[in-house]
Ligand SMILES: Cc1cc2nc3c(=O)[nH]c(=O)nc-3n(C[C@H](O)[C@H](O)[C@H](O)COP(=O)(O)OP(=O)(O)OC[C@H]3O[C@@H](n4cnc5c(N)ncnc54)[C@H](O)[C@@H]3O)c2cc1C
Ligand code: SF4
Ligand code: SF4
Ligand code: FES
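Residue numbers (our numbering), protein chains in the order written: chain A, 3 to 822; chain B, 10 to 125.
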């Protein structure tokens, strides 16, 4: 029979230990987990972003129910363990379950300290520890106006920031003179306080809470000096206390925390403990980095493979308030230590390094924390900084002429810790990028867990991606710099193009301080699109900033040949067109002729230099480019509709052709596909298109944001309209909104998931907005509906693309050059 | 390049035959050569075949002294032909220069690309 392991506490440390155990000794134990909270294991750190509205609870779940199932773990949620019988080796839960164990792991975390003041037990006074607390705060933001947070440590400030983000008037009370005084010195504390006050949060330092008052529920907080502050909600964030009651009742040795040895074993050899509930060599912890170290030791112990044991963890802190960068590690009031300080008032940057015996004893960084991990690594390693002391404050990159932001990260040793939360070092991340093919922060997160917890190292991971992948790193789509040539986000760049009246790529790069001379393969096409969208008719398209397909108006194939897809309006064709296609296929020895998913015909394997002649032949039969290569309008798929189908309620072919005539030639952030079905049977699959139209008896249903492909997404219903003219107007307005709002290379599906359907509905259903959008769409169409094939078939546009510059025949001499 | 025999240069066209930040192809019996002109009018030449797959580098986007392969986005340094980033492969370079506004390639004969 397998040994039985019971884990008490379904939190971060306990489940991490189980994960590590499963990795080193899969199948060794029959595992049962008790969790007092009614949820699967989630990332407690991320409760702050959840409170601030930046994440949803679903996004912070670390292991869902399926994970427990897949690993054969029995999970009891919402059922805390109430007693342990160490002699019989049995635990009993609140609901009366009894489970026997061979090994017991206590991972019960800690509880918020409650100030011993009158009124501390009133309804409306809460801690900040679990999802229930976040829910209580969210509720309070809906009904109340004023919040008081007691304690200006990491948790208190993150709570205050979250509550303020919901529009509450927030006052933070702090006993000491400096906020976050355990992590920050006075100067950094003052900078942080100023920044938070600038965001509308009041902070009262040296504030002693005398009483919390209210009639059946909290109404105000009274200070010792007589001041009274209105409060509909009071959050206590004055510290945490290891949860020891259960262990104490079971007779285990308990001090401030549950006492463990270096092997994480308690005073009972069959009971281990891990996480915030433990006390190790007199030390307790309140951050996750130590938990990961402890979890590894626990796993080794349970797997019977031993290891080096636990010897404590040096920790560093970052504050998770969007837009504020604070980093702190070590000490900063060390007697006999030297100080190195750097300030840049204009940029709001403050850096201080404490040096004792030529080693870093403490670091405080405010405003620019990029070098934090570098200092932290030297601090942990006790590395001598004697030789680099002069330039230490300027970071690893000091003195380098290379202004590349990735260089600082590139200079870190492989052993440098990047993700403090999960203890992931640079070498591990670089290896994942190189060997596992990670190309995005998400990929790296999946493979290494780096940035999976507090997310503060995301920027560093991005820089590692950039320095490892070079220019092929496309960047992240969320509010991150467009690419490594700039620190501006896509959205900022778009805004500034219009605000600054910037009308060319060089103008944008100059005005927005691009760090490269002429951008890279990722920002140039994006800028070209943004400029074209902002200045229709005015901006001159830059062919050299387009991907090859859009430059030569055909799709490059894996052997370097091209495919050619003429437009077939609404999927309709006729004998003359088919004959012309057949002739082209024969004349240019096209190896493959294929019907596409978008209801047209693809000629695959055309030689680049044949393209202009092929197009001339197709043009002669009345056919134009199908833009099958474009980040633009692709196809409008239709069913036969009421014209032929016995179920059809509307003329879907006619509708489709009208839409395609209106929209062809438009450039969009990514490809754009449409379809029209003649009845709800939806034979044209209109509900997985960017814009899908489904006829019903009384008119047309309009659907948006659908996507086939790798991740299928069904459309959202936008609205229902009656006439074909309305369908056209709504369609034009929707495309224009997408053109103006989405980021380059963002399809409508992720765009809608990012901004939500509501803002789109609000604008498209508002008549004035819709008509203005549609007008702008038609205006830009007046410049874009020129057949690019005809222009090139004439030989007047981009002829250099299709003809070689010179040809040497074998055996050739310089005099037989066929220079054109 | 062979240090003993001097390289022979052949003219292939005018600098203006290549738009800035673009490339043209030169056909030779030993395969195509991609001739690049940068935004600052420097000229470089690489074998027109990405060492990663078969990508015709002449079809890539030119940025600074780099080109991005159109097929899978590998980036190559035009001066050395080496891939930028972790990859260790490199594209073969061919000497190129501009003389009096004319673009010349060097050592094609040595590469077996032309006689002369
Ligand atoms: C809002 C917030 C922000 C934070 N931000 C950071 C940060 O930025 N960086 C950082 O390093 N750390 C941060 N922390 C601290 C970090 O979350 C903790 O260090 C970590 O969660 C501790 O893990 P643990 O497993 O020991 O405890 P927990 O994650 O609290 O897990 C303990 C679990 O055990 C359950 N439990 C308790 N008693 C019983 C019982 N008798 N039976 C069954 N279950 C029981 C509890 O309900 C809980 O779910 C933050 C904490 C909070 C609350
Ligand atoms: S969607 Fe309706 S109208 Fe169109 S072909 Fe299918 S059944 Fe007929
Ligand atoms: S499904 Fe894959 S293989 Fe097929 S065409 Fe699309 S990308 Fe190519
Ligand atoms: S063929 Fe060049 S990157 Fe794949």
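All residues carry an ideal CB built from backbone N, CA and C; glycine is no exception.
Mind checking if residue i is an interface residue toward chain A, Cβ cutoff 9 angstroms exclusive?
{"i": "residue 50 of chain B", "result": "no"}
{"i": "residue 80 of chain B", "result": "yes"}
{"i": "residue 28 of chain B", "result": "yes"}
{"i": "residue 105 of chain B", "result": "no"}
{"i": "residue 60 of chain B", "result": "no"}
{"i": "residue 73 of chain B", "result": "yes"}
{"i": "residue 109 of chain B", "result": "no"}
{"i": "residue 69 of chain B", "result": "yes"}
{"i": "residue 87 of chain B", "result": "no"}
{"i": "residue 102 of chain B", "result": "no"}
{"i": "residue 21 of chain B", "result": "yes"}
{"i": "residue 64 of chain B", "result": "yes"}
{"i": "residue 55 of chain B", "result": "no"}
At the level of alpha carbons, what is the spacing between residue i and residue j?
{"i": "residue 748 of chain A", "j": "residue 165 of chain A", "result": "32 angstroms"}
{"i": "residue 47 of chain B", "j": "residue 33 of chain B", "result": "12 angstroms"}
{"i": "residue 403 of chain A", "j": "residue 40 of chain B", "result": "Note on residue 403 of chain A: pLDDT 40, under 50, position unreliable in the model; the coordinate value appears next. Their backbone Cα atoms lie some 40 angstroms apart in a straight line."}
{"i": "residue 93 of chain A", "j": "residue 102 of chain A", "result": "6 angstroms"}
{"i": "residue 27 of chain B", "j": "residue 809 of chain A", "result": "15 angstroms"}
{"i": "residue 100 of chain B", "j": "residue 439 of chain A", "result": "21 angstroms"}
{"i": "residue 431 of chain A", "j": "residue 450 of chain A", "result": "7 angstroms"}
{"i": "residue 705 of chain A", "j": "residue 492 of chain A", "result": "27 angstroms"}
{"i": "residue 616 of chain A", "j": "residue 795 of chain A", "result": "8 angstroms"}
{"i": "residue 444 of chain A", "j": "residue 291 of chain A", "result": "21 angstroms"}
Return the first residue and the last residue of the beta strand (DSSP E) that residue i is part of.
{"i": "residue 174 of chain A", "result": "171 to 175"}
{"i": "residue 697 of chain A", "result": "693 to 698"}
{"i": "residue 107 of chain A", "result": "105 to 108"}
{"i": "residue 112 of chain A", "result": "112 to 114"}
Consider the C-beta atom of residue i and the heavy atoms of ligand 2; say whether any pair is separated by less than 8 angstroms.
{"i": "residue 46 of chain B", "result": "no"}
If we define contact as Cβ-Cβ less than 9 angstroms, is residue i a contact residue for chain B?
{"i": "residue 797 of chain A", "result": "no"}
{"i": "residue 472 of chain A", "result": "yes"}
{"i": "residue 452 of chain A", "result": "no"}
{"i": "residue 442 of chain A", "result": "no"}
{"i": "residue 522 of chain A", "result": "yes"}
{"i": "residue 781 of chain A", "result": "no"}
{"i": "residue 615 of chain A", "result": "no"}
{"i": "residue 401 of chain A", "result": "No answer about residue 401 of chain A holds up, because its pLDDT of 49 lies below 50 and its placement is not dependable."}
{"i": "residue 631 of chain A", "result": "no"}
{"i": "residue 808 of chain A", "result": "yes"}
{"i": "residue 545 of chain A", "result": "yes"}
{"i": "residue 519 of chain A", "result": "yes"}
{"i": "residue 147 of chain A", "result": "no"}
{"i": "residue 794 of chain A", "result": "no"}
{"i": "residue 398 of chain A", "result": "no"}
{"i": "residue 550 of chain A", "result": "yes"}
Run the proximity test for residue i: is its beta-carbon closer than 8 angstroms to any non-hydrogen atom belonging to ligand 1?
{"i": "residue 112 of chain A", "result": "yes"}
{"i": "residue 824 of chain A", "result": "Because chain A here runs from 3 to 822, residue 824 of chain A falls outside it and cannot be looked at."}
{"i": "residue 451 of chain A", "result": "no"}
{"i": "residue 47 of chain A", "result": "yes"}
{"i": "residue 131 of chain A", "result": "yes"}
{"i": "residue 320 of chain A", "result": "yes"}
{"i": "residue 287 of chain A", "result": "yes"}
{"i": "residue 107 of chain A", "result": "no"}
{"i": "residue 534 of chain A", "result": "no"}
{"i": "residue 38 of chain A", "result": "yes"}
{"i": "residue 81 of chain A", "result": "yes"}
{"i": "residue 634 of chain A", "result": "no"}
{"i": "residue 422 of chain A", "result": "yes"}
Hey, quick one: how far does the alpha helix (DSSP H) through residue i stretch, first residue to last?
{"i": "residue 469 of chain A", "result": "460 to 471"}
{"i": "residue 190 of chain A", "result": "188 to 200"}
{"i": "residue 621 of chain A", "result": "613 to 622"}
Let me have the residue list for ligand 2: C-beta closer than 6 angstroms to any non-hydrogen atom, ordered along the chain.
Per the Cβ criterion, the list is A:641, A:642, A:643, A:647, A:649, A:650, A:654, A:679, A:680, A:681, A:683, A:684 and A:685.
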